[in-house]
Amino acid sequence: MKITVCVGSSCHIKGSQQVVEGLQRLIAEHKVENKVELVGAFCMDQCQKGVCVTVDSDFYSVTPETVGSFFETEVMTKF
Amino acid sequence: MNDLCVDIGCKSINHHGEQLCGDHIDVVEQNENSTVIVLADGLGSGVKASILSTLTAKIISTMMAAGLPVDECVSTIAATLPVCSVRGVAYSTFTIIHIIDNETAEIIQYDNPQVIILRDGANYDYPRTEMNIDGKKIYKSEIRLQENDIFIAMSDGCPHAGIGLSYNFGWKREDIISYMEVMAMNGLTAKNLSTMLIDECNRLYGGEPGDDASACIVKIRKREPMNILFGPPANRDDDKRMMSLFFSKEGKHIVCGGATSSVVSKYLGKPVQPSLSYEKSDIPPMAKIEGVDLVTEGVITINKVVEYAKDYLSENELYEEWYLRHNGAALICKLLFEEATDINFFVGRAINPAHQNPNLPINFNIKMNLVEELSKCLREMGKRVKVSYF
Chain A
128 MKITVCVGSS
138 CHIKGSQQVV
148 EGLQRLIAEH
158 KVENKVELVG
168 AFCMDQCQKG
178 VCVTVDSDFY
188 SVTPETVGSF
198 FETEVMTKF
Chain B
14 MNDLCVDIGC
24 KSINHHGEQL
34 CGDHIDVVEQ
44 NENSTVIVLA
54 DGLGSGVKAS
64 ILSTLTAKII
74 STMMAAGLPV
84 DECVSTIAAT
94 LPVCSVRGVA
104 YSTFTIIHII
114 DNETAEIIQY
124 DNPQVIILRD
134 GANYDYPRTE
144 MNIDGKKIYK
154 SEIRLQENDI
164 FIAMSDGCPH
174 AGIGLSYNFG
184 WKREDIISYM
194 EVMAMNGLTA
204 KNLSTMLIDE
214 CNRLYGGEPG
224 DDASACIVKI
234 RKREPMNILF
244 GPPANRDDDK
254 RMMSLFFSKE
264 GKHIVCGGAT
274 SSVVSKYLGK
284 PVQPSLSYEK
294 SDIPPMAKIE
304 GVDLVTEGVI
314 TINKVVEYAK
324 DYLSENELYE
334 EWYLRHNGAA
344 LICKLLFEEA
354 TDINFFVGRA
364 INPAHQNPNL
374 PINFNIKMNL
384 VEELSKCLRE
394 MGKRVKVSYF
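First to last, the protein sequences are chains A and B. In terms of our numbering, the first sequence is numbered consecutively and its last residue is 206. In terms of our numbering, the second sequence is numbered consecutively and its last residue is 403.
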């Protein structure tokens, strides 16, 4: 599985750094490093919906507050 | 004509408790390739010294730049400077470094510590001719410039640093030379070299300088072009034109901005490979595109670069933040402030609708202001800057 987080200007201001750090922490806690690839993107052309995150080809709008529930419902359920 | 140019940087600290510096450094560009640099040290400290040194530096630099001979400058100063009521003399020492056609340096010295020249990183002893102008002993030298020559002009506050504290007789010339030889190995800019020298003086004075101390560094270097792309063009049809102009330029290429990177990636046919590494800073991560020397996020990164540029031109207290770090803003600073001498900005005026939200500090006007502020700062650093809008 590939999770992509946008680190462009808009998303950065909306907290992509915290989202990235949150995901890195959750991936380590759930010991799924071998199953999940976390990468950055520079712009997904959806700046209004930031922080832009994709899981494989599905698009999500995530905030630093919702990163926990996003991980539970959209990532952990897919293994 | 050759492809050499000068990088000039200065820093001063004031006598402890004084609000004004009694040293004054004046730099006047005579023409594109000739510059007059004057470092004057007024008698005493505080306001009186400041007036004496400012008058001296201004008079000499203006007259020299107008092509007048040095003896006329000296007699004009002698006739103009106000006489100190306490000491009964009008006195300000000075050092002149006159760069001619970026080929020769004429050094004229009156009573300041002797200018140090580092050539290929080591002290270079140069001949001096003694002249007598109006009873003043003035030393003149002519040096043929070579790449990497470093001229170090100081006021006597530098060799006096540490008297009675760290050293019995102050910071000796030989010791200043060995200190600067080590500093010069690191490829620092003139501004950072002068900062290193003056910061060390301040440390030797125990943070309470007993005299004004100033350093002016002139570094001879090759011209180095640099190109920076910021924002996609207002009209999408101009993408190709903007890209081909940008990539046809000589020198390194910096690309700033997410959407901008996409345009570049499409033009070059190479993917954008972003990293997720924040390098312990709040600057967004960088990316890689084959064929581009540096790819960073846009407006937040440039905003930080402008902040560093302003500091670099004033107190230069943040240089360690960018000199030692490895984030987008720090790397742009190194390329623009240190490496580049000629900078071409390619600025796209595309408006990103998502940025026009009043809650976001990154709207279009802010972006355009950043370009203006940055190019102004870079010009102040002595760089040739060209800005093209698309």
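C-beta: ideal position from N, C-alpha, C; glycine also.
Does the separation of the CB atoms of residue 166 (chain B) and residue 231 (chain B) fall below 9 Å?
yes
I'd like the span of the alpha helix (DSSP H) that includes residue 288 (chain B), first residue to last.
Unbroken run through residue 288 (chain B): none, as it is neither H nor E.
Let me know the secondary structure DSSP gives residue 302 (chain B) once reduced to three states.
coil
The region 159-174 of chain B touching the region 187-200 of chain B, judged by at least three CB pairs closer than 8 Å
yes
Please state whether the Cβ-Cβ distance between residue 245 (chain B) and residue 294 (chain B) is less than 9 Å.
no
According to DSSP, residue 48 (chain B) sits in a beta bridge with which residue or residues?
B:42, B:112
Out of B:305, B:233, B:63, B:183, point me to the one whose CA is closest to residue 133 (chain B)'s CA.
B:233
What does residue 297 (chain B) reach in chain A if we use C-beta pairs closer than 8 Å?
134, 135, 136, 139, 143, 144
Beta-bridge partners of residue 233 (chain B), as assigned by DSSP:
B:19
Hey, quick one: how far does the beta strand (DSSP E) through residue 156 (chain B) stretch, first residue to last?
149-157
Who are the near neighbours of residue 170 (chain A) in its chain, counting only those whose CB is closer than 8 Å to its CB and skipping five residues on each side?
133, 135
Suppose only complete runs of 4+ residues qualify. What are the alpha helix (DSSP H) ranges in the region 180-250 of chain B, listed by chain order?
186-197, 203-217
Need the endpoints of the beta strand (DSSP E) that residue 400 (chain B) sits in, please.
397-402
Give the range of the beta strand (DSSP E) segment to which residue 338 (chain B) is assigned.
Taken as a continuous stretch (DSSP letters only), residue 338 (chain B) belongs to no beta strand (DSSP E), as it is neither H nor E.
Residue 44 (chain B): which of B:65, B:79, B:51 sits nearest, CA to CA?
B:79
Where does residue 294 (chain B) sit, in a helix, a strand or coil, going by DSSP?
coil
What is the DSSP secondary structure of residue 175 (chain A), reduced to helix, strand or coil?
helix
Who are the near neighbours of residue 303 (chain B) in its chain, counting only those whose CB is closer than 6 Å to its CB and skipping five residues on each side?
283
Which residues, taken in chain order from the region 144-167 of chain A, show a beta carbon closer than 9 Å to some beta carbon of chain B?
144, 147, 148, 151, 165, 166, 167
Which residues of chain A have a Cβ atom closer than 8 Å to the Cβ of residue 375 (chain B), listed in chain order?
136, 137, 140
Whole-angstrom C-beta distance between residue 21 (chain B) and residue 203 (chain B), which should lie under 8 Å:
5 Å
Using a beta-carbon distance below 9 Å, is residue 83 (chain B) in contact with chain A?
no
Give the interface partners of residue 198 (chain A) over in chain B, defined as CB-CB distance under 9 Å, in chain order.
Per Cβ cutoff of 9 Å: no residues; residue 198 (chain A) is ~16 Å from chain B at best.
If we count Cβ pairs, one from each stretch, closer than 8 Å, do we get three or more for the region 22-41 of chain B versus the region 181-191 of chain A?
no
Tell me the DSSP bridge mates of residue 132 (chain B)?
B:135
If you draw a straight line from the alpha carbon of residue 403 (chain B) to that of residue 147 (chain A), how long is it in whole angstroms?
34 Å
With 9 Å as the threshold, decide whether the Cβ of residue 246 (chain B) is near any Cβ in chain A.
no
Contacts of residue 174 (chain A) in chain B (Cβ-Cβ under 8 Å):
365, 366, 367, 368
Since residue 270 (chain B) and residue 221 (chain B) are thought to touch, with beta carbons under 8 Å apart, how far apart are those beta carbons, to the nearest angstrom?
The pair is not a contact, with the Cβ atoms about 47 Å apart (cut-off 8 Å).
Where DSSP assigns a beta bridge to residue 355 (chain B), which residues make up the other side?
B:238, B:397
Can a CB atom of chain A be found closer than 9 Å to the CB of residue 344 (chain B)?
no
Quick one: what's residue 117 (chain B) bridged to in DSSP?
B:113, B:157
Using the beta-carbon count (16 or more within 10 Å), is residue 93 (chain B) buried or exposed?
exposed
Using the three-state DSSP reduction, which class does residue 381 (chain B) fall into: helix, strand or coil?
helix
Between which two residues does the alpha helix (DSSP H) containing residue 253 (chain B) stretch?
252-260
For residue 59 (chain B), which of helix, strand or coil comes out of DSSP?
helix
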